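Numbering follows the working numbering, in which position 110 of the sequence shown is assigned residue number 1135; successive positions increment by one, without gaps.
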Amino acid sequence: MTHLNLATKGQKLAAECLGTGFLLAAVVGSGIMAAKLSDGNVGLALLANAIATGAALTVLIQMFGPLSGAHFNPAVSLAFRLNGELSTRDFAAYCGVQVLGGCVGVLLANAMFDLPVLQASTTVRSSTGLWLSEVVATFGLVLTILLLVRFKPERVAAAVGLYITSAYWFTASTSFANPAVTIARSLTDTFAGIRAEDMAPFIAAQIVGATLAWWVAGLLTSNQGSRA
1026 MTHLNLATKG QKLAAECLGT GFLLAAVVGS GIMAAKLSDG NVGLALLANA
1076 IATGAALTVL IQMFGPLSGA HFNPAVSLAF RLNGELSTRD FAAYCGVQVL
1126 GGCVGVLLAN AMFDLPVLQA STTVRSSTGL WLSEVVATFG LVLTILLLVR
1176 FKPERVAAAV GLYITSAYWF TASTSFANPA VTIARSLTDT FAGIRAEDMA
1226 PFIAAQIVGA TLAWWVAGLL TSNQGSRA
């Protein structure tokens, strides 16, 4: 999630847009394929969806990390804004292209499986357990990133991919952990969808989780230097 300063702002934003788009195409596309091939076995479909998402995320972070930091997630960008590593303007720009890329990725996934490109999800995701799950999932994701960027940056891609794969299973919400993902997934009425009216509590929970992770990371790393 670190990045070289050689990339221009336009290149960074393009990397964030492309990366988030590919991530959502992987999330939604693998969900559609898993549902088609699992013969009604929801557990098997979730396993396939989790593995595909974690694998894609690992590759995308390695691809785009040197350009933009490979946030692909406004919650992650928020943590770097709070750290002072992104300006307010750059934070807003990152969030904008992440949402744009994510929405395009979902529409592309719908099209690849010969579904109506424009859809509105009818999947209900609304309960206190789901909202708490999003706090926990986002907290763990952002804390993983902040600590590994500081101490073991070469391991961020693998760690994030593994974390998301596992969080699909240990959280009731299947770990959206990403406002751009949440918004984009409202555009598909498939395995990975979420109703538009259920987005706001998810996003609020994600912001809480990211902010808590930033605060805890600060407590854990105060007065410590980086290590090889």
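Built from N, CA and C at the ideal position, the CB exists for glycine as well. Every value quoted in this text rests on a predicted model; they were computed, and no experiment measured them.
- The beta carbon of Val1160 lies closer than 7 Å to those of Ala1230, Val1233 and Gly1234 in the same chain, with the five residues before and after it left out.
- Counting along the chain, Glu1179 sits inside no alpha helix (DSSP H), nor does DSSP assign it H or E at all.
- Here Gln1144 carries a coil assignment [DSSP, helix/strand/coil].
- Closest by C-alpha distance to Ser1158, out of Ile1189, Met1058, Ala1077 and Leu1049, is Ile1189.
- For the 8 Å CB-CB criterion, Ala1242 and Leu1168 form a contact.
- The beta carbon of Ala1183 sits closer than 7 Å to the beta carbons of Thr1083 from its chain, once the five residues preceding and following it are set aside; these are given in chain order.
- Residue burial is scored here from C-beta neighbours: Val1053 has at least 16 other C-beta atoms within 10 angstroms and is therefore classed as buried.
- Of the other Cβ atoms in all chains shown, fewer than 16 fall within 10 Å of the Cβ of Asp1139; this residue is therefore exposed.
- Nearest to Gly1044 by alpha-carbon distance, out of Val1131, Thr1153 and Ala1162, is Val1131.
- The beta-carbon distance between Ile1208 and Gly1127, rounded to whole angstroms, is 7 Å. This is short enough to meet the 8 Å contact definition.
- DSSP, read as helix, strand or coil, puts Val1185 in helix.
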